[in-house]
Structures are given as structure tokens and as C-alpha cells.
Amino acid sequence: MLEDKFGRRFHYLRLSITDVCNFRCTYCLPDGYQCDGDRDFLSRQEISVLVNAFAGLGTSKIRLTGGEPSLRKDLPQIIEQCASTPGIEKVAITSNGFKLPQMIQSWADAGLSALNISMDSLDPRQFHAITGHNKLETVLEGIDMALDLGIQVKINSVLLKPYSDTMLSTALNWLKDKPVTLRMIELMQTGDNQPFFNDNHISGQPIKQRLLDQGWGQILRDKSAGPAQEFSHPDYTGRIGLIMPYSKDFCKSCNRLRVSSRGKLHLCLFAEQGLDLRPLLREGDMNALQQKLVTLLGQKEASHWLDKGYTGATQHLAMLGG
Ligand code: SAM
Ligand code: SF4
Numbered sequence: 001m002l003e004d005k006f007g008r009r010f011h012y013l014r015l016s017i018t019d020v021c022n023f024r025c026t027y028c029l030p031d032g033y034q035c036d037g038d039r040d041f042l043s044r045q046e047i048s049v050l051v052n053a054f055a056g057l058g059t060s061k062i063r064l065t066g067g068e069p070s071l072r073k074d075l076p077q078i079i080e081q082c083a084s085t086p087g088i089e090k091v092a093i094t095s096n097g098f099k100l101p102q103m104i105q106s107w108a109d110a111g112l113s114a115l116n117i118s119m120d121s122l123d124p125r126q127f128h129a130i131t132g133h134n135k136l137e138t139v140l141e142g143i144d145m146a147l148d149l150g151i152q153v154k155i156n157s158v159l160l161k162p163y164s165d166t167m168l169s170t171a172l173n174w175l176k177d178k179p180v181t182l183r184m185i186e187l188m189q190t191g192d193n194q195p196f197f198n199d200n201h202i203s204g205q206p207i208k209q210r211l212l213d214q215g216w217g218q219i220l221r222d223k224s225a226g227p228a229q230e231f232s233h234p235d236y237t238g239r240i241g242l243i244m245p246y247s248k249d250f251c252k253s254c255n256r257l258r259v260s261s262r263g264k265l266h267l268c269l270f271a272e273q274g275l276d277l278r279p280l281l282r283e284g285d286m287n288a289l290q291q292k293l294v295t296l297l298g299q300k301e302a303s304h305w306l307d308k309g310y311t312g313a314t315q316h317l318a319m320l321g322g
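For what it's worth, full-length UniProt numbering labels the leading residue of the sequence shown as 1, then goes sequentially.
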């Protein structure tokens with residue numbers, strides 16, 4: 001098992017398979033994807049070496065992310081490859097959902113077990129204003145299809161000052177009979193979004209208090225469950241989650257490592273730099289790769305230092321997948 005010097009265990013890998021995205025979310029890629037180099041993303045062979053190496057070190061969950069992972073035509077094959085790796089019990093995707101109705105059946109057939117869909121508003125006009133695309137209806141249709149296929153669905157909603165009140169009330173309404181967990185994520189500062197962050201960041205704490213006041217109860221989660229706080233209510237089928245990276249002790253429950261679409265290991269979402277694994281991935285030397293992962297984990301720091309305005313090398317989260 002991969003364990004760092006602070007006793008945190010890492011059984012979860014977030015693997016970005018492309019940094020290209022078709023959306024223009026205001027907090028992430030407001031000017032759209034800028035092609036600033038080759039698109040030499042990890043091949044299926046390299047992904048196989050990587051996933052086998054992590055699985056051999058105790059990783060049991062893989063999340064495929066991006067950019068927008070569904071822009072890769074070989075996504076069903078990548079899912080299948082991850083799902084059939086010995087030791088991997090759960091394969092998840094984080095997606096903006098624009099291709100969901102078209103693709104969800106093939107992802108399910110390939111062995112997908114869980115899906116996170118980003119949906120920052122349930123109002124079509126607000127959704128359009130945030131993402132640059134008029135796709136809310138498509139995303140909602142895809143979510144229902146995924147639920148019908150028995151896939152576990154979580155929704156990611158970034159908390160943005162102008163929309164947070166409407167979002168909370170419409171979300172609560174929607175969750176009455178939707179068996180999903182909707183996680184509200186505090187906007188994080190990145191290298192590119194500082195003025196936007198200053199204007200739009202709000203804390204999740206008042207929302208937590210509102211939920212508790214309205215009879216929502218915090219669910220006690222396993223120590224290995226990661227940093228989201230989750231709440232349930234007897235009158236609601238769905239659950240609410242809060243991800244508050246600026247709160248004290250957020251990093252204590254860190255259970256994930258990240259690899260970029262070009263094969264760099266990121267020990268933290270806001271690490272100073274990615275650590276290049278590509279030569280070993282190309283060579284396919286599993287033992288050397290595993291040794292390198294164990295050694296590099298020794299450099300993982302206690303915290304992301306985001307509260308001090310430190311964003312490391314992360315210009316925007318499309319670089320790494322959130
Ligand atoms: N394109 C896919 C999507 O949007 O789901 C996957 C990549 S996206 C970078 C992963 C997650 O990061 C999304 O849920 C997105 O809302 C979130 N995200 C992006 N930038 C963020 C920021 N500055 N603060 C908080 N969350 C952010
Ligand atoms: Fe694309 Fe996801 Fe970033 Fe939105 S949050 S621009 S969908 S990568």
C-alpha cells in the first residue's frame with residue numbers, strides 16, 4: 001500500500017487522459033481550450049503499465065478525468081482496460097456530461113462503476129452562462145440514463161457567489177427524489193483565475209449550517225473516504241456533499257494521487273511540479289516504476305497551502321482533472 005510520512009494511504013488514482021475540453025467554464029477555461037503544444041497524451045499501452053503498477057501498490061479505484069475525458073474516442077477501451085486490471089475494484093469518470101446520452105451505455109458495458117457529472121446550475125440560462133454551452137437538458141437526460149443502468153452518480157457543483165442561493169434551493173428540490181449525491185465544491189484559486197476567484201469565492205460553511213438547521217444530518221464516513229462531508233435527510237432520496245478545501249484539516253484525509261495526461265505524477269492538485277513518469281511508462285518497466293512511485297511519495301507535503309494563496313504549477317484544473 002502506498003503510504004506517506006504523515007500516515008495517509010493512497011488507494012485512489014485520478015488519471016487525466018486528455019487536457020482538451022470543449023466547454024468554457026468561467027472558473028476553469030473561460031477562453032476555451034488553448035492548444036499550446038503537441039497532444040501527446042498517454043497511449044493505451046502506457047495507461048496499462050501505469051494502472052498495473054498502481055494496482056500492484058494497493059490502488060483499488062481509478063477515476064478517469066481531463067480536460068473532458070469523453071473527447072477521447074478510445075474511452076470505452078480505456079475503461080475496460082482499467083476495470084479488468086487485477087486489484088482495481090472501481091472505475092469512475094468525471095465528465096461535463098455533454099456526450100452522456102450517446103455514450104453511457106458503452107461506458108457501462110466497459111465496466112464503469114461510478115460517474116461524476118459537473119453541473120453548476122439547474123437553470124438552463126445559468127448553465128449556459130457558466131459553461132458556454134446550452135446543454136443542461138442533455139446532461140440531465142444522461143444522468144437519468146446512467147441511474148437506469150445502475151451506475152452510481154455524483155454531481156459536482158462549484159459554488160459561485162452569484163448563483164449559490166438559487167443553486168442550493170433548486171438542488172434541494174431536485175434531490176427530493178433523485179438518488180444522487182450533489183457535492184458543492186468551494187471555488188479554488190488557480191494560477192489563471194485569481195480575479196475571478198476574488199469576485200466569486202464563497203465558503204461552504206454557511207451552507208453546512210443551513211443544511212443542519214433544516215434537519216440534514218452529517219453522515220459519518222470511513223476514514224479512507226476522502227475529504228467530502230456528506231449529509232442526508234429522511235425526506236430526500238438524494239444526498240448533499242460539501243467539499244471545502246479551505247477548511248482546516250482538509251488535507252488530513254487526502255487519499256488520492258494524480259497523473260496528468262502526459263504522464264506526470266502530481267503529489268497534490270497544487271503541487272509545484274509534475275514528476276515525470278513517461279520514460280518508465282514507455283519502457284514498460286513495472287518494477288522500476290513502482291519503486292519510483294514509492295520514492296516520490298516521500299516528497300508529498302502535509303497541505304496544499306491554498307489558504308496562503310499558493311497555487312503551485314496549476315494554471316487551471318483542466319490541466320489535471322480536479
Ligand atoms: N471536464 C470534466 C468536468 O468538468 O467534470 C473533468 C475535468 S474538471 C477540471 C473536474 C472538476 O473540477 C469539475 O467538477 C469542475 O467543476 C472542477 N473545477 C474546475 N476548476 C475548478 C476550480 N477552480 N475550483 C473548484 N473546482 C473546479
Ligand atoms: Fe472543461 Fe471541466 Fe474545465 Fe469545465 S471544468 S472547462 S468542463 S475541464
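Ideal Cβ positions, reconstructed from N, Cα and C, are used throughout, including at glycine.
A quick note: this is a predicted structure, and the numbers were derived from the prediction, not measured.
DSSP places Phe231 inside the beta strand (DSSP E), whose first and last residues are 229–232.
Within 10 angstroms of the beta-carbon of Glu283 lie fewer than 16 other beta-carbons, which makes it exposed. Pairwise C-beta distances place the segment 194–214 out of contact with the segment 258–274, as fewer than three of them are shorter than 8 Å. Contact check between the segment 97–117 and the segment 148–160: three or more CB pairs, one atom from each, fall below 8 Å, which counts as touching. Shortest gap from the CB of Glu186 to any heavy atom of the ligand SF4: 7 Å or more. In chain order, Leu175, Lys178, Pro179, Val180, Thr181, Leu182 place their CB closer than 7 Å to the CB of Gly238, counting only its own chain and leaving out the 5 sequence neighbours on each side. In the structure shown, Lys161 adopts coil according to DSSP, grouped into three states.
Burial check for Gly309: the Cβ neighbour count within 10 Å stays below 16, so the residue is exposed.
Remark: the C-beta of Leu317 is in contact range of the ligand SF4, defined as less than 7 Å to any heavy atom. For Glu46, no beta strand (DSSP E) encloses it; the enclosing alpha helix (DSSP H) starts and ends at 44–56. Taking the CA atoms as reference points, Glu301 sits about 9 Å from Asp4. Its Cα nearest to that of His316, the residue Gly32 stands out among Met167, Gly32, Met1.
When distances are taken from the beta-carbon of Cys21 to the heavy atoms of the ligand SAM, the shortest one is below 7 Å. Counting the other CB atoms within 10 Å of its CB gives Ala288 a total below 16, which places it among the exposed residues. Cβ atoms of Gly204 and Leu159 come within 8 Å of each other, at about 6 Å. Proximity of the beta carbon of Ser260 to the ligand SAM is not indicated: no heavy atom of the ligand is located closer than 7 Å.
In this structure Lys208 is buried. Its beta-carbon is surrounded by 16 or more other beta-carbon atoms within 10 angstroms. At least one heavy atom of the ligand SF4 lies less than 7 Å from the C-beta of Asn96. Exposed is the label assigned to Glu137, since fewer than 16 other Cβ atoms lie within 10 Å of its Cβ. Taking the Cβ of Arg72 as the reference point, every heavy atom of the ligand SF4 lies at 7 Å or farther away. According to DSSP, residue pairing for Gly241 in a beta bridge involves Arg183, Glu230. The Cβ neighbour count for Cys28, taken over all protein chains shown within 10 Å, is at least 16; the residue is labelled buried. When distances are taken from the beta-carbon of Leu29 to the heavy atoms of the ligand SF4, the shortest one is below 7 Å. DSSP places Asn116 in the strand class (E or B) of the three-state scheme. Of all C-beta pairs linking the segment 55–65 to the segment 77–87, three or more are shorter than 8 Å, placing the two stretches in contact. Apart from sequence neighbours up to five positions away, the residues of its chain that approach Leu100 with a beta-carbon distance below 6 Å are Gly142, ordered along the chain.
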